[in-house]
Amino acid sequence: MNNNTDFVDPHGFAPEIREIEKEVVDFFATKGSEFTGRHPIVSTVMTYFYIRKNLTQHDLQILTGYSAGTISKAVRQLIKMNMITKETIQGTHKHIYKMENLPIISPSYFLRTENVMDEKIVELKEMKKTLDDNAEEMKKFETYKNACATVTQLLTLLPTVHNFLERIEKELKKQNQIEDTPRNG
5 MNNNTDFVDP
15 HGFAPEIREI
25 EKEVVDFFAT
35 KGSEFTGRHP
45 IVSTVMTYFY
55 IRKNLTQHDL
65 QILTGYSAGT
75 ISKAVRQLIK
85 MNMITKETIQ
95 GTHKHIYKME
105 NLPIISPSYF
115 LRTENVMDEK
125 IVELKEMKKT
135 LDDNAEEMKK
145 FETYKNACAT
155 VTQLLTLLPT
165 VHNFLERIEK
175 ELKKQNQIED
185 TPRNG
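Residue numbering for the sequence shown follows my numbering, starting at 5 and increasing by one per position.
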């Protein structure tokens, strides 16, 4: 966040509004990172798009105080996740990035949370090893069998989530192409 006293908001927001926006951005950058496992910088940039909808990389530099390289990297990730789109500003070589609607429904959004999924798989593998290593002592607990079965099922299912979401994404793209095709008649 830029704390410069000469700060001029790219959209002309009053300082009071900027303070409220800063609190919202800080909250979602922190909580978004905790929930999705995304880097706080990506969560910060994403939150600005939720609020402002259309931004240039320069706007984001002004709003966040981050370097051009940092902003560029975050924007590329958001494009890859289908969260924002990139358009050329007519008559220039500059780009504007847009968030048309809340893309939380996009499977691409969830596909990019792989590090969270990977962490959970590692935790489950550790849990499975602990259960297996202590099987003799644990068998006397009536919940042991169910715990083992649940952990084993999760370890089987979680790695397939990525492929499942990729398939959904492909089907949604096909459906959108069908809906966008002009109809004769």
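Ideal Cβ placement from N, Cα and C applies to all residues, glycine included.
Note that the structure is a prediction, hence the values are computed from the model and not measured.
Contact check, residue i vs residue j, beta carbons under 9 angstroms
i: residue 14; j: residue 83; result: no
i: residue 78; j: residue 125; result: no
i: residue 58; j: residue 100; result: yes
i: residue 34; j: residue 70; result: no
i: residue 32; j: residue 50; result: yes
i: residue 98; j: residue 88; result: no
Same chain, Cβ closer than 6 angstroms to residue i, neighbours up to 5 away in sequence not counted
i: residue 75; result: 61, 64, 65
i: residue 21; result: none
Exposed unless 16 or more other CB atoms sit within 10 angstroms - verdict on residue i
i: residue 139; result: exposed
i: residue 42; result: buried
i: residue 164; result: exposed
i: residue 93; result: exposed
i: residue 68; result: buried
i: residue 29; result: buried
i: residue 53; result: buried
Run of the alpha helix (DSSP H) containing residue i, from where it starts to where it stops
i: residue 62; result: 61 to 68
i: residue 55; result: 44 to 56
i: residue 77; result: 72 to 84
i: residue 104; result: Run containing residue 104: none; DSSP gives neither H nor E here.
Below 8 angstroms, can you find three or more Cβ-Cβ pairs linking the region 128 to 143 to the region 153 to 169? Under the 8 angstroms Cβ criterion, the region 128 to 143 counts as touching the region 153 to 169, having at least three qualifying pairs.
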